[in-house]
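Residue numbers (our numbering), protein chains in the order written: chain A, 10 to 121; chain B, 98 to 210.
Heads up, the beta-carbon is just placed ideally off N, CA and C, and yes, glycines get one too.
Let me begin by presenting the structure, written as structure tokens, before commenting on it.
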């Protein structure tokens, strides 16, 4: 099976930097995805990591360490609209169907 | 809509009734998925389908049924056997490659009273 852990809630200030961590345990790691989900809306894809290291996309970056079963999503220059839940999801090589297994999500509140 | 449409957005039913949620995609993708989300929680997989006329159970399939008669359509029926049907239901499409993300529809919020 898979186990994915994220903090439940985080608070940060507009303009600051925040790091959202995700740890996972899986038998056949085959990629990690980050999604953003505003309340009552669908999750939208942010980033994908399958090799160790940092992937940067504008204000958002995602890091992966496969040996540690660890990833983080880094949000820079926080804006009020970044207040949302951030979902970490893992794909397992041994799961047929390429489905994703999701963590519980981290609700980020950005304050002025 | 990202090539995938769910309807309706809100649905209300009485306990004991079956209800069917619609999911349609127009990008000719093979893989489709149904997830359930409860308040403050992550997504849990109900069913998925990789090809027409074939589907597989996910982690929480009990009380649900699906069909995949056409590539573009993957409806989910919430039956009266589902003990806690009130939830946010999300349908997703996937291109099938290991590095391809899932793309979600806008979801259906089902309330059963």
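Closest by CA to residue i, which one among the options?
| i | options | result |
| --- | --- | --- |
| residue 91/A | 106/A, 115/A and 42/A | 115/A |
| residue 96/A | 22/A, 24/A and 47/A | 47/A |
| residue 109/B | 161/B, 185/B and 169/B | 185/B |
| residue 17/A | 136/B, 146/B and 148/B | 136/B |
| residue 127/B | 138/B, 107/B, 114/B and 167/B | 167/B |
| residue 120/B | 139/B, 145/B, 111/B and 180/B | 145/B |
| residue 141/B | 118/A, 111/A and 59/A | 111/A |
| residue 101/B | 52/A, 25/A, 120/A and 22/A | 52/A |
| residue 55/A | 207/B, 206/B, 197/B and 203/B | 197/B |
| residue 94/A | 79/A, 69/A, 100/A and 45/A | 45/A |
| residue 178/B | 114/B, 171/B and 172/B | 114/B |
| residue 81/A | 89/A, 65/A and 88/A | 65/A |
| residue 26/A | 98/A, 113/A and 89/A | 89/A |
| residue 169/B | 182/B, 130/B, 209/B and 195/B | 130/B |
| residue 41/A | 58/A, 50/A and 22/A | 58/A |
| residue 118/B | 164/B, 125/B and 152/B | 164/B |
| residue 210/B | 183/B, 105/B and 195/B | 183/B |
| residue 50/A | 173/B, 175/B and 106/B | 106/B |
| residue 76/A | 61/A, 19/A, 30/A and 119/A | 61/A |
| residue 15/A | 70/A, 85/A, 37/A and 99/A | 99/A |
| residue 138/A | 120/A, 101/A and 118/A | Past the edges of chain A, shown from 10 to 121, lies residue 138/A, and the structure says nothing about it. |
| residue 113/A | 83/A, 69/A, 43/A and 70/A | 43/A |
| residue 147/B | 133/B, 206/B, 208/B and 199/B | 199/B |
| residue 68/A | 83/A, 78/A and 21/A | 83/A |
| residue 85/A | 79/A, 32/A, 119/A and 78/A | 119/A |
| residue 71/A | 87/A, 103/A, 29/A and 78/A | 29/A |
Could you give the first and the last residue of the continuous beta strand (DSSP E) run that contains residue i?
| i | result |
| --- | --- |
| residue 156/B | Per DSSP, residue 156/B belongs to no beta strand (DSSP E) and is neither H nor E. |
| residue 117/A | 115-120 |
| residue 18/A | 18-22 |
| residue 191/B | 184-191 |
| residue 196/B | Here residue 196/B belongs to no beta strand (DSSP E), and DSSP marks it neither H nor E. |
| residue 14/A | 12-14 |
Tell me residue i's beta-bridge partners as DSSP assigns them.
| i | result |
| --- | --- |
| residue 149/B | Per DSSP, none; premise fails for residue 149/B. |
| residue 112/B | Beta-bridge pairing links residue 112/B to no other residue. |
| residue 102/B | 121/B |
| residue 170/B | 121/B and 167/B |
| residue 134/B | 140/B and 185/B |
| residue 210/B | Answer is none; residue 210/B lacks a bridge partner. |
| residue 205/B | 186/B |
| residue 128/B | 191/B |
| residue 162/B | 174/B |
Please list the partners that residue i has in chain E, where partner means a Cβ-to-Cβ separation under 9 Å.
| i | result |
| --- | --- |
| residue 128/B | In the displayed structure, chain E is absent; the protein chains listed are A and B. |
Worksheet item: Can you give, in chain order, each stretch of the beta strand (DSSP E) that sits fully within the region 26-111 of chain A and has at least 3 residues?
Response: Listed in chain order, they are 27-34, 38-46, 53-58, 62-66, 69-74, 79-84 and 93-101.
Worksheet entry | the region 97-109 of chain A touching the region 180-198 of chain B, judged by at least three CB pairs closer than 8 Å | Contact between the region 97-109 of chain A and the region 180-198 of chain B is present, because at least three Cβ pairs lie under 8 Å.
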